[in-house]
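Accompanying notes for the structure given below.
In the numbering used here, the protein residues as written are 5 to 151.
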């Protein structure tokens with residue numbers, strides 16, 4: 005039997021945090037994940053406002069639900085896939101402003117700040133996102149990063 009040369013072991017990539025239906029929802033609202041964004045992720049309900057969609061998309065980044073992110077992205081701006089950075093951990097969401105985006109509107113915007121750590125270093129991003137109705141459902145259309 006021959007021996008293979010040993011390779012240096014690479015540390016395992018960190019996994020997405022384990023979120024259960026009973027866990028606090030990562031979007032920051034007081035409901036559990038199952039009662040809040042989890043029902044949107046599972047497809048048992050649709051986000052009724054653009055703010056709810058924004059919160060659920062943030063939660064999808066936390067739990068690394070690429071299918072939900074792609075499903076709620078407008079087809080004209082949707083990328084072919086979503087890559088999650090294994091060194092990044094989403095830590096919290098602040099909704100700064102919303103315009104329109106209710107059941108009575110066809111467009112809306114949400115300005116938010118998302119806090120994260122990248123390789124353990126804290127940081128945040130601020131974004132002004134635009135949402136539209138597509139085939140009756142709210143979808144993410146475009147965004148501008150705000151300084």
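Note that the Cβ used here is the ideal one computed from N, Cα and C, for glycine as well. Predicted, not measured: the structure shown is a model, and the values here were computed from it.
From what residue to what residue does the alpha helix (DSSP H) around residue i run?
i: residue 55; result: 54-67
i: residue 72; result: 70-75
When the Cα of residue i is compared with those of the options, which residue comes out closest?
i: residue 33; options: 53, 97, 54; result: 97
i: residue 28; options: 67, 146, 133; result: 67
i: residue 105; options: 52, 37, 45; result: 52
i: residue 57; options: 151, 142, 148; result: 142
i: residue 92; options: 120, 55, 78, 75; result: 120
i: residue 131; options: 101, 122, 149; result: 149
i: residue 151; options: 95, 128, 60, 83; result: 128
i: residue 94; options: 36, 85, 65, 55; result: 65
i: residue 40; options: 140, 59, 22; result: 59
Quick check on residue i: does DSSP put it in helix, strand or coil?
i: residue 45; result: helix
i: residue 34; result: coil
i: residue 150; result: coil
i: residue 145; result: strand
Got a sec, what are the start and stop residues for the beta strand (DSSP E) residue i sits in?
i: residue 81; result: From DSSP, residue 81 is part of no beta strand (DSSP E); its letter is neither H nor E.
i: residue 26; result: Segment: none, residue 26 is in no beta strand (DSSP E) and carries neither H nor E.
Under the assumption that residue i contacts residue j (Cβ atoms under 8 Å), give the Cβ distance between them as a whole number of angstroms.
i: residue 137; j: residue 146; result: Incorrect: roughly 15 Å between the Cβ atoms, too far for contact.
i: residue 110; j: residue 103; result: Incorrect: roughly 13 Å between the Cβ atoms, too far for contact.
i: residue 31; j: residue 62; result: 6 Å
Whole runs of the beta strand (DSSP E) within the stretch 83-135, excluding any shorter than 3 residues: 92-104, 111-122
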